[in-house]
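Before any comments, here is the structure.
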Amino acid sequence: MTGTAEQPSGKGTAEVTLDEVVSLCKRRGFVFQSSEIYGGLASTYDYGHYGVLLKNNVKGEWWRAVLQERDDMVALDAAILMHPRTWEASGHLEGFTDPMIDCRTCKLRFRADKLEDAQCGRKPSVHPGEYDECDLTEPRQFNLMFETFMGPVRDDAARVFLRPETAQGIFVNFKNVLQFARKKPPFGIAQIGKAFRNEITPGNFIFRTREFEMMEIEYFVPPDQADDWHRRWMEDRMRWHTDLGIRPDHLQLRKHGPDELSHYSSATSDVEYLFPMGWSELEGIANRGDYDLSRHAEFSGEKLEYFDQEKGEAYVPYVIEPSLGVDRSLLAFMVDAYDTEEVEGRKRTVLRLHPRLAPVKAAVLPLVSKAGMPEKAREIYEEVRRAVPAEYDEGGSIGRRYRRQDEIGTPWGITVDGQTLEDGTVTLRDRDSLEQVRVPADGLADRLAARLAEPWRSPKLG
Ligand code: GAP
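Each residue of the sequence shown is one higher than the one before, counting from 3 in my numbering.
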């Protein structure tokens, strides 16, 4: 038996602003300003309950795709603090810089290569119409690495850095992994972890922050296969985003020009997403050549190469590096999923997240808070949460409870009503179509778990 208790107007809004997403994150406790009671720390954020669950799901889907579903990858979790020589060898001490300029008039600081974005001197909110041009200093190179000291003495010998990328933890472990993983190139090492960058101009919410999480792969290949693997990783990574619901027309690959390449890269393409502020880097996919292994071999005196038994020769593998920020990926998923529509004259905000990404998969709701319904609903909830992350909610009108679940992207609502007590059936509400189907409560948990494994297509694609 099917029915549609709520009637959508049929059309969602086309695009979303960053403010709308920020406001939803705050309203539903996905993300908080860090140290808010002290006025907040600029561009630093804390994740609340649903934010943690969503972030874990993003990371889980990444691990699934790059590790569980492949034979050629192993995992690593390296320390944030590394021997300071690491950053000399990697070139970060010398080359991980952004050109910085100051405006002598307004005292604001900008990245010289992103001046158009800042519109210094022409933006009324920065300079409220007092003058037309800005008095800028010459660009100076500013190193983005955070430094701190190990132990009680704060001198140069004790200086260490908070890693600006997780990649170097992988390179310095190349020998260890090779010894224990029984792999030969082509093979990869994957890791998720925090990274820190003293960005000159962080901003756009969690898009660019000074502390963030990275999901990185260093994929080691014979040098003559590097171009081919670079292409394959670009295809694989594009597919990951779209399989998880990102609309293909909001995703593009853009090849870096020679002046944009990082100091270690011989070729990089960015996966770009159409964020509310325009096309911006979501993930970088670089061909790092043999730069890192060769440099660490030179600086450490260790041989970092692979001995090919068949050919009887050793070589330094080339590296293909797909590198994605967890927070930036989460933002892209939220922006892409955000939708509003009118349902029976009222605005409904809904996160049309891929069910596997949704923080909560099912909400169990007694229609009213009496007549044995809460007890029955609780019983069903305890059964459902065995199989999928679920929530029980009996507070407020059923409409309000549905809206709350819509806003956090819960794909299925299970409503317990009078009929449930008579025949053991519940209504199963679909977040996207709003269709309600009457189904037996028995076995529902396993059926929902099975549905999570099915391919999914964003309803925003029509
Ligand atoms: N190891 C390669 C590397 O560090 P990157 O392009 O500088 O490359 C990789 O960073 C990814 O990390 C970016 O595509 C982005 O998703 C994320 N990322 C970089 N800087 C970030 C920041 N300040 N805040 C949030 N995410 C950032």
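In this text, a Cβ means the ideal position worked out from N, Cα and C, and glycines have one as well.
Worksheet item: Contact check, K57 vs L332 under 8 Å by CB: the rounded distance?
Response: 6 Å
Worksheet item: Who are Q35's beta bridge partners in DSSP?
Response: Y47
Worksheet entry | Three CB pairs or more closer than 8 Å across the region 442-460 and the region 358-370 | yes
Practice prompt. Can you tell me which of D251, G280, H243, G286 puts its alpha carbon nearest to the alpha carbon of K257?
Written response: G286
Fill in: Residue environment, G311, which counts as buried when at least 16 other CB atoms sit within 10 Å
A small fix is needed here, since residue 311 is Gln in this sequence, not Gly. With fewer than 16 Cβ atoms within 10 Å of its Cβ, Q311 is classed as exposed.
Practice prompt. Report the residue from V162, D115, R161 whose alpha carbon sits nearest the alpha carbon of P141.
Written response: D115
Worksheet item: Buried or exposed: which applies to P130, given that a residue is buried once 16 or more other Cβ atoms fall within 10 Å of its Cβ?
Response: Caution is warranted here: a pLDDT of 46 is assigned to P130, below 50, making its placement in the model unreliable, and the coordinate value is therefore given only provisionally. So P130 counts as exposed.
Worksheet item: Shortest alpha-carbon distance to F163 belongs to which of P260, T211, T88, K313?
Response: T88
Practice prompt. Return the first residue and the last residue of the beta strand (DSSP E) that Y221 is part of.
Written response: 213-223
Worksheet item: Do you know whose CA, among I416, S399, L253, lies nearest F277's CA?
Response: L253
Worksheet entry | Counterpart residues of I191 in DSSP-defined beta bridges | V76, E220
Fill in: Bounding residues of the beta strand (DSSP E) (the contiguous stretch that carries T417)
414-418
Worksheet item: Can you name the residues that DSSP bridges to L138?
Response: C105
Discussion item. Excluding the 5 residues flanking E274 on each side, which residues of the same chain have their C-beta closer than 8 Å to its C-beta?
Written reply: L253, Q254, L255, R256, W281, S282, E283, L284
Discussion item. I need the DSSP call for K185, collapsed to helix, strand or coil.
Written reply: coil
Worksheet item: Distance, Cα to Cα, A77 vs P319?
Response: 18 Å
Discussion item. If you measure between the beta carbons of I322 and W231, is that distance less than 7 Å?
Written reply: yes
Discussion item. Under 6 Å: does the beta carbon of A169 sit that close to some heavy atom of the ligand GAP?
Written reply: yes
Worksheet entry | E132 to C108 span [Cα, whole Å] | Confidence at E132 is low in this model, with a pLDDT of 47, below 50, so its placement is unreliable and no value can be given for it.
Discussion item. Are there any heavy atoms of the ligand GAP lying less than 6 Å away from the beta-carbon of T203, as far as the coordinates show?
Written reply: no
Item to complete: Would you identify the three-state DSSP class for R403, choosing helix, strand or coil?
Response: helix
Fill in: CA-to-CA distance, G42 to G247, given in whole angstroms
33 Å
Worksheet item: Sorry if obvious, but does the Cβ on F335 come closer than 6 Å to a heavy atom of the ligand COA?
Response: The ligand COA is not among the ligands present in this structure, which contains only the ligand GAP.
Practice prompt. Output yes or no for whether 7 Å exceeds the beta carbon distance between T168 and G190.
Written response: no
Worksheet item: Which term fits S37, buried or exposed, when burial requires 16 or more other beta carbons within 10 angstroms of its beta carbon?
Response: exposed
Fill in: Closest by C-alpha distance to L446, when choosing among S460, L436, R431
R431
Discussion item. What does the alpha-carbon distance come out to for the pair E381 and E307?
Written reply: 58 Å
Worksheet entry | Three-way DSSP call (helix, strand, coil) for Y266 in this model | coil
Worksheet item: Can you tell me whether DSSP reads E409 as helix, strand or coil?
Response: helix
Discussion item. So A197 and P166 are supposed to be a Cβ contact under 8 Å. How far apart are they, rounded?
Written reply: 6 Å
Worksheet item: The alpha helix (DSSP H) spanning Y383 covers which residue range?
Response: 375-389
Discussion item. For the region 405-415 against the region 431-441, do three or more pairs of beta-carbon atoms, one drawn from each stretch, fall closer than 8 Å, so that the two count as touching?
Written reply: yes
Worksheet item: Out of M236, A389, K378, which has the shortest C-alpha to C-alpha gap to P324?
Response: M236
Worksheet entry | At least 3 beta-carbon pairs within less than 8 Å: the region 401-411 vs the region 340-356 | yes
Item to complete: Compute every distance between the C-beta of R199 and the non-hydrogen atoms of the ligand GAP, then say whether any falls below 6 Å.
Response: yes
Fill in: Option nearest A389 by Cα separation, candidates P250, F112, R358
R358
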